[in-house]
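Protein chains: 2
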Amino acid sequence: MMKKNNKKKRPTLQDVANLIGVTKMTISRYLRDPSKVSADMQKKIAVAVEELGYIPNRAPELLSNAKSHAIGILVPSLANQVFSQVIRGIERVTEAAGYQTMLAHYGYSAEREEERISFLLSYHIDGLILSESQHTPRTLKMIATADVPVIEMMDTVSPAIEQAIGIDNFDGGYQMVSAMIEKGYKNIVYLGARLDIRTQLRLQGYEKAMQENGLQAKSVMTEAPSSFSLGADLLQKTLTKYPQIDGIFCTNDDLATGAVFECQRQGIRIPQDIAIAGFHGHDFGQSMVPKLATVVTPREKIGQVTAEQLIARINGDPLTEKIIDLGFEIYHGESI
Amino acid sequence: MMKKNNKKKRPTLQDVANLIGVTKMTISRYLRDPSKVSADMQKKIAVAVEELGYIPNRAPELLSNAKSHAIGILVPSLANQVFSQVIRGIERVTEAAGYQTMLAHYGYSAEREEERISFLLSYHIDGLILSESQHTPRTLKMIATADVPVIEMMDTVSPAIEQAIGIDNFDGGYQMVSAMIEKGYKNIVYLGARLDIRTQLRLQGYEKAMQENGLQAKSVMTEAPSSFSLGADLLQKTLTKYPQIDGIFCTNDDLATGAVFECQRQGIRIPQDIAIAGFHGHDFGQSMVPKLATVVTPREKIGQVTAEQLIARINGDPLTEKIIDLGFEIYHGESI
DNA sequence: CACCACGATGTTACACGTAACATACCAGTA
DNA sequence: TACTGGTATGTTACGTGTAACATCGTGGTG
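Printed below as a string of structure tokens:
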């Protein structure tokens, strides 16, 4: 008989209940809080659950509009170390608070972001953490009707739907380039990739610092995603286009590191011939020789504060701080 | 009246239907395949859906044992580049096939893995991709009762629940160390971190190569998670413990790169004084000076093949190849 | 001994999209 | 005209855990 779809149904609460001779309500109580049933019953149920290999089923409780104790996290890319650190910060908090996380990424595309948000919301998550500040109209509409707290993390400059937590990317670029200029570098080029909003803000900060000092802003940019080898490529391009530069400011540590490697390969001394600075303060930049100058950002802290705020708002606390700026540090290292 | 939980309910299919004056079944049809309703109706529904900001609700279809068109991916760590590349390979396939992915990580802990698997299964995913080969008894029981295809990726050596796709980590270690020995290095030390199963298999491969050549195996290991700075630390420890080494084989590129940096800081020449090799073939190792010798693994391919196999099995295809070995390449670079 | 309080378990109703079947209507054809 | 086939929409029943309320029994107290 049974063709290939002989899917034996999963055991339900009723199956567990039948095995013991009680109602499923008793099993439900046990699973949510074992102390709600008698000691005898606890043992019996534990055995039955184990024996049947009962797997919880979220569907029914999602139907009733109860809280799901799950939150959604949407990051643009998993390949970017920045986000894995932010996620660690988030999960340290959510885990302690008994929340599950549903993680998704969208490759910097607003359309895919929309699709992912729809997917996450369709599971009745209690809150949503985004990392971008540009969304499609439908995304905004869905977020509004979902009536779920939303926080955008990473940047505090661009306008937020409800609440933004992160750093001032514009000022980060400005401060780092100002520090380079103060050290005497004049011919500084900006290297950018993956032209997302944060990259653009850092570029603007760079431009402001150059202008203030009467220096000419120059940039070499691509829409390709960042990588170490891309940093090397971009340095080559830069040297061709602007042979007499004395410094480069990269939108992130990956590009900067790749540029450093390429200098080493070409026998260009850092920082004597060219100064190089990055953004974020990743482990590899600090291990490298020379240590990479960088804008050190509090990635894990951003995640932590974001999760704390989100859970507070899920619990009904009012939204008090629309923007939380967690600051950054300029690290000079050995490369500028 | 309404206290803080004035949650206005989300619009349901019924709400959309009421707005137009049809039954929700018509809306349901439209959402699954617009061509199933008349052209007139399509326009009206599109407007109504947009106006209400309708968000799909997965709960009811999860209740009926229909396929969810979602698969779960469980990786030990997001910080590890390896897995973000594997995930990219998976999603290229799942996206094309119309499957959504639910991503989770568990920090190399079997208990957290169990918890995450329970979470994923509770959403009625159609298939499950794991990356580890050691599981708790309850994990195995749940997988069995869930009756969902499972694939373990990354390693082909350790025993699989149903199907394993990846590379032979033992042989990877063996081949790389053999290559180093062939080049004349004799005093090779193994550097390991995060002692998961793959790290251990590579160690065993290393040991076999050393033994076969009458050389003594030595290792410096820690349970701490891999990082660039840890590579530097371990190199220092190694030099203290074994001053006259002429080569090190690291369990991954991160450690190897950190070790290279530390050598540069100490003025140790690579490979003249010490040869260094890693594992995986990451971008940064290939950009670095010197280019890092490494075991190049087909991460994206592993993800791709895994997803293809999983979807085939979800569609009822029989499991034919219990183990799929996708091979690796020994890359000599400039560091050995 | 009667009654209360409380702990333990049972009963009922509900959430919402979809498969399967039913109906209504229309054009086309013998 | 009667009948066929097909399209568009409606009707019904279903899946499963939980909140809210109901019931039962027991030990303690006046």
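Listed in order, the protein sequences are those of chains A and B. The first sequence lines up with residues -19 to 316 when you count with the working numbering. The second sequence lines up with residues -19 to 316 when you count with the working numbering. Even for Gly, the Cβ is constructed at its ideal location relative to N, Cα and C.
Any idea what DSSP makes of residue i, helix, strand or coil?
{"i": "M82 (chain A)", "result": "strand"}
{"i": "A46 (chain A)", "result": "coil"}
{"i": "D135 (chain A)", "result": "strand"}
{"i": "F308 (chain A)", "result": "coil"}
{"i": "S315 (chain B)", "result": "coil"}
{"i": "G69 (chain A)", "result": "helix"}
{"i": "G211 (chain A)", "result": "helix"}
{"i": "M201 (chain A)", "result": "strand"}
{"i": "T74 (chain A)", "result": "helix"}
{"i": "G296 (chain B)", "result": "coil"}
{"i": "E276 (chain B)", "result": "A quick correction: the sequence has Val, not Glu, at residue 276 (chain B). V276 (chain B): strand per DSSP, three-state reduction."}
{"i": "V130 (chain A)", "result": "strand"}
{"i": "A287 (chain B)", "result": "helix"}
{"i": "A236 (chain B)", "result": "helix"}
{"i": "G194 (chain A)", "result": "coil"}
{"i": "A90 (chain A)", "result": "helix"}
{"i": "I254 (chain A)", "result": "coil"}
{"i": "L110 (chain A)", "result": "strand"}
{"i": "I123 (chain B)", "result": "helix"}
{"i": "V62 (chain A)", "result": "helix"}
{"i": "I25 (chain A)", "result": "helix"}
{"i": "I248 (chain A)", "result": "coil"}
{"i": "V2 (chain A)", "result": "coil"}
{"i": "V157 (chain A)", "result": "helix"}
{"i": "A144 (chain A)", "result": "strand"}
Exposed or buried, what is residue i when buried is set at 16 or more other beta-carbons lying within 10 Å of its beta-carbon?
{"i": "P14 (chain A)", "result": "exposed"}
{"i": "P251 (chain A)", "result": "buried"}
{"i": "N193 (chain A)", "result": "exposed"}
{"i": "L299 (chain A)", "result": "exposed"}
{"i": "G296 (chain A)", "result": "exposed"}
{"i": "S64 (chain B)", "result": "buried"}
{"i": "N149 (chain B)", "result": "buried"}
{"i": "S44 (chain B)", "result": "exposed"}
{"i": "M133 (chain A)", "result": "buried"}
{"i": "T317 (chain A)", "result": "Residue 317 (chain A) falls outside the range modelled here, since chain A spans only -19 to 316, and no answer is possible."}
{"i": "R249 (chain B)", "result": "exposed"}
{"i": "E94 (chain B)", "result": "buried"}
{"i": "I7 (chain A)", "result": "buried"}
{"i": "M156 (chain A)", "result": "buried"}
{"i": "D317 (chain A)", "result": "The question about residue 317 (chain A) has no answer, for chain A in this structure spans -19 to 316."}
{"i": "P223 (chain A)", "result": "exposed"}
{"i": "A39 (chain B)", "result": "buried"}
{"i": "Q289 (chain B)", "result": "buried"}
{"i": "P117 (chain A)", "result": "exposed"}
{"i": "N(-15) (chain A)", "result": "Low per-residue confidence applies at N(-15) (chain A): pLDDT is 36, beneath 50, and the placement is therefore not dependable enough to give any value."}
{"i": "R12 (chain B)", "result": "exposed"}
Would the beta-carbon of residue i be found less than 7 Å away from any heavy atom of the ligand GTP?
{"i": "Q246 (chain B)", "result": "Summarising the ligand content, the structure contains no ligands, and the ligand GTP is consequently not present."}
What whole-angstrom Cβ distance do residue i and residue j have, given they're in contact under 8 Å?
{"i": "V269 (chain B)", "j": "I228 (chain B)", "result": "About 18 Å separates the two Cβ atoms, so there is no contact after all."}
{"i": "T231 (chain A)", "j": "G146 (chain A)", "result": "16 Å between Cβ atoms; not a contact."}
{"i": "I310 (chain A)", "j": "A159 (chain A)", "result": "5 Å"}
{"i": "F264 (chain A)", "j": "T237 (chain B)", "result": "7 Å"}
{"i": "I123 (chain B)", "j": "I109 (chain B)", "result": "Actually they are not in contact, since the Cβ atoms of I123 (chain B) and I109 (chain B) sit about 12 Å apart, beyond 8 Å."}
{"i": "H104 (chain B)", "j": "L42 (chain B)", "result": "5 Å"}
{"i": "I291 (chain A)", "j": "Y79 (chain A)", "result": "7 Å"}
{"i": "T125 (chain A)", "j": "R(-10) (chain B)", "result": "6 Å"}
{"i": "V128 (chain A)", "j": "G107 (chain A)", "result": "6 Å"}
{"i": "D233 (chain B)", "j": "H262 (chain B)", "result": "4 Å"}
{"i": "K163 (chain A)", "j": "I316 (chain A)", "result": "6 Å"}
Point to revise | Sufficient close CB pairs (3 or more, under 8 Å) joining the stretch 84 to 92 of chain B to the stretch 282 to 291 of chain B | key: Short answer: they don't touch.
Point to revise | Contact list for the stretch 105 to 128 of chain A against chain B, Cβ threshold 7 Å | key: Taken in chain order, the members of the stretch 105 to 128 of chain A whose beta-carbon sits within less than 7 Å of a beta-carbon on chain B are K121, M122, A124, T125, A126 and D127.
Exercise for review: Evaluate contact between the stretch 267 to 274 of chain B and the stretch 55 to 71 of chain B, counting only Cβ atoms and requiring at least three cross-stretch pairs below 8 Å.
Suggested key: These segments do not touch.
Check your understanding: Does the count of Cβ pairs from the stretch 126 to 143 of chain B and the stretch 99 to 114 of chain B closer than 8 Å reach three?
Key -> Contact holds: three or more Cβ-Cβ distances are below 8 Å.
Exercise for review: Return the residues of the stretch 262 to 285 of chain A that lie within a Cβ-Cβ distance of less than 8 Å from chain B, sorted by chain order.
Suggested key: So the close ones are D263, F264, Q266, S267, M268 and V269.
Review point. At a cut of 8 Å, does the stretch 36 to 52 of chain B reach the stretch 70 to 82 of chain B through at least three beta carbon pairs?
Key: Result yes; three or more Cβ-Cβ pairs closer than 8 Å.
Review point. Should the stretch 11 to 30 of chain B be called in touch with the stretch -12 to 2 of chain B, which here means at least 3 C-beta pairs below 8 Å?
Key: At 8 Å Cβ cutoff, the stretches touch.
Review point. Taking Cβ-Cβ distances below 8 Å as the criterion, which residues of the stretch 18 to 39 of chain A are in contact with chain B?
Key: So the close ones are E30, L32, G33, Y34, I35, P36, N37, R38 and A39.
Exercise for review: Note down, in chain order, all residues in the stretch 49 to 68 of chain B with a beta-carbon under 9 Å from any beta-carbon belonging to chain A.
Suggested key: Residues passing the 9 Å Cβ filter: A50, S57, L58, A59, N60, Q61, F63, S64, Q65, I67 and R68.
Exercise for review: Could you run through the stretch 238 to 265 of chain B and flag, in chain order, every residue whose CB is less than 7 Å away from some CB of chain A?
Suggested key: Answer in chain order: G238, F241, Q244, R245, D263 and F264.
Practice item. For the stretch 220 to 236 of chain A, enumerate the residues whose C-beta is nearer than 9 Å to any C-beta of chain B, in chain order. Key: The residues in question are D234.
Practice item. Check each residue of the stretch 165 to 198 of chain A: if its Cβ is closer than 7 Å to any Cβ of chain B, include it; give the result in chain order. Key: Result list empty, no residue passes.
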